[in-house]
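Report on the structure given below.
In UniProt numbering, the protein residues as written are 1 to 558.
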């Protein structure tokens, strides 16, 4: 197939027409983001209507017998429902470990193809047209790209999709890679022209070429440092590069060509608005740091203003970003120390966080203040964030609720469990719908949970605690949760008899799905990634059989 584009010479009118098409298709690429947004809203509306029409109402007897479905779903065949649930399950699951989620890959390929189509449509055989089109469409995606990184509570996309920064950031990464593809094509085609016509040195001395090449180099550095291995090697290096290049690249594009300035201004406005709103939502106060005996866990408590307390209390499972101040507030380099931590408890006007000490600067600095007399470091708390759990909605929609936590992951699952327990205790036999499994290293690590207000472990048959030891690494979950051989233990843990060794996740899942073939099940998990993968695989077997499942996994990172 011959190369379709050639170096052509255009008249003034033809160049004006090309400019209009460049601006027009750049706008198309930006406005077209409304299509998936509106499509998702339509999908949510249809799902809501169908759930209202076909939702089953469960009746429970005082003896806690298996629920009997009073009303069956209508309008959906079992086969179609099973296939749809399996498709949705696949879209929300990993293709394979560390390769990403199927739905994100599908959306990324589709959006890339769409932008590539917009880049070549109506370009004719004009080499410069398609070259410029790649650049203009890449620039038009920048406002969307920055909007996906906004972390404040009023982020437009977070509000529209009823989600939070931790979910949108994955789409931010995808959008960035697509933009990099378009910019690479734009730069490569221009350099190819300069080389073929023998004017490379001459053109690289002009402002458009110099700024364009600098932008290409900076974007390449930003992309490389955003790779997961680079982030794991040095998160500080990644953060510095990301923030610095993300800001520097905007004035470079502003002077690169006047046609891109509108998109640069839009992007800068979004960035400034995000920073201002985040700053407004940040509180600064001293904290009390305590080390949990015989563990590597820290307890951090901070007072919360009454005006903000209700936001933390209304829904469990939220998190905050914490930054340790060195006197002048969390500004400049200190902002690198901002890390997410789940809110484990809110009571008596205090926010309680539990975190495991790692090699990172935040936990190491807090460790130096632990249990020191009158040592109360000043920190900034930003939030709350997260797609917090609507307890009434979960309890009303699902027949069974399974909660599984691994180690410190209980800081998310335990508040959800407590809230669900309080809600379901008002229903006859409601507590029988709930099951909580917590796997952790030792009895010492349960201590933080037993001291919380409204602790509800004692004598609860729906709570199952598994204690493990740190030996036998060949039977371990990477990420800090050792699942070793059995060991003996005396006494109770949080008022309950603990199980010894690794929990049988398959047995736990099968038990939750064994009561009635038409029951819907909600599953909440927070813990090591490999433990989550195993749990999801066992739940997936029931999805393949046509069971209605809601899956919620809380995690931070890539």
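The C-beta atom is built at its ideal place from N, Cα and C for all residues, glycine as well.
Residue i to residue j span [Cα, whole Å]
i, j, result
"residue 26", "residue 360", "42 Å"
"residue 351", "residue 256", "48 Å"
"residue 113", "residue 357", "44 Å"
"residue 434", "residue 349", "29 Å"
"residue 79", "residue 523", "23 Å"
"residue 153", "residue 444", "36 Å"
"residue 2", "residue 505", "57 Å"
"residue 88", "residue 105", "14 Å"
"residue 4", "residue 189", "13 Å"
"residue 49", "residue 425", "29 Å"
"residue 272", "residue 252", "18 Å"
"residue 35", "residue 103", "17 Å"
"residue 316", "residue 497", "27 Å"
"residue 258", "residue 158", "31 Å"
"residue 86", "residue 401", "20 Å"
"residue 115", "residue 29", "7 Å"
"residue 191", "residue 7", "13 Å"
"residue 354", "residue 463", "20 Å"
"residue 117", "residue 321", "40 Å"
Option nearest residue i by Cα separation, candidates the options
i, options, result
"residue 15", "116, 129, 154 and 111", "129"
"residue 133", "92, 184 and 338", "184"
"residue 274", "103, 174, 155 and 406", "155"
"residue 83", "318, 7, 546 and 225", "546"
"residue 405", "399, 416, 398 and 512", "416"
"residue 250", "238, 498, 324 and 265", "265"
"residue 534", "208, 93, 261 and 441", "93"
"residue 239", "395, 258, 338 and 175", "338"
"residue 306", "347, 244 and 218", "347"
"residue 531", "439, 30, 31 and 222", "439"
"residue 559", "122, 449 and 244", "No answer is possible for residue 559: it lies beyond the span of the chain, which begins at 1 and ends at 558."
"residue 554", "33, 216, 146 and 342", "342"
"residue 186", "213, 201 and 549", "213"
"residue 81", "96, 100 and 47", "47"
"residue 509", "160, 436 and 461", "436"
"residue 323", "297, 295, 344 and 364", "364"
"residue 403", "39, 511 and 195", "511"
Where residue i sits in the DSSP three-state scheme
i, result
"residue 379", "strand"
"residue 150", "coil"
"residue 385", "strand"
"residue 432", "helix"
"residue 10", "coil"
"residue 5", "coil"
"residue 527", "coil"
"residue 347", "strand"
"residue 63", "At residue 63 the pLDDT is 34, less than 50, meaning the model places this residue with poor confidence; the figure from the coordinates comes in the next sentence. Looking at residue 63 - three-state DSSP - the assignment turns out to be coil, as it is neither helix nor strand."
"residue 390", "coil"
"residue 403", "strand"
"residue 318", "coil"
"residue 427", "coil"
"residue 99", "coil"
"residue 163", "coil"
"residue 354", "strand"
"residue 338", "coil"
"residue 511", "helix"
"residue 489", "Any reading at residue 489 needs caution, since the residue's pLDDT is 42, under 50, leaving its predicted position unreliable; the model's value is listed next. Residue 489: coil per DSSP, three-state reduction."
"residue 552", "strand"
"residue 465", "strand"
"residue 295", "coil"
"residue 33", "coil"
"residue 439", "strand"
"residue 537", "helix"
"residue 123", "coil"
"residue 445", "helix"
"residue 155", "coil"
"residue 518", "coil"
"residue 364", "helix"
"residue 144", "helix"
Any non-hydrogen atom of the ligand ZN closer than 7 Å to residue i Cβ
i, result
"residue 196", "Judged by which ligands are present, the structure shown has none, so any question about the ligand ZN falls away."
| Which full runs of the alpha helix (DSSP H) of 4+ residues lie inside the stretch 219-284, going along the chain? | DSSP runs (the alpha helix (DSSP H)) wholly in the stretch 219-284: 228-233, 235-256 and 261-280.
| query | Does the count of Cβ pairs from the stretch 159-167 and the stretch 273-288 closer than 8 Å reach three? | reply | Not touching, per the Cβ criterion.
| Is the stretch 535-542 close to the stretch 412-421, with three or more CB pairs under 8 Å? | By the Cβ rule, the stretch 535-542 does not count as touching the stretch 412-421, because fewer than three pairs are nearer than 8 Å.
| query | Does the pairing of the stretch 307-317 with the stretch 381-392 give three or more beta-carbon distances under 8 Å? | reply | The answer is yes - the stretch 381-392 touches the stretch 307-317, with three or more Cβ pairs under 8 Å.
| How about the stretch 515-535 and the stretch 393-412: do they share at least three Cβ pairs that are nearer than 8 Å? | The stretch 515-535, when compared against the stretch 393-412, does touch it at the 8 Å Cβ threshold.
| Should the stretch 136-153 be called in touch with the stretch 181-198, which here means at least 3 C-beta pairs below 8 Å? | Yes, since at least three Cβ pairs between the stretch 136-153 and the stretch 181-198 fall closer than 8 Å, the two stretches touch.
| Segments assigned alpha helix (DSSP H), at least 4 residues, entirely inside the stretch 173-225 | DSSP runs (the alpha helix (DSSP H)) wholly in the stretch 173-225: 200-203 and 207-225.
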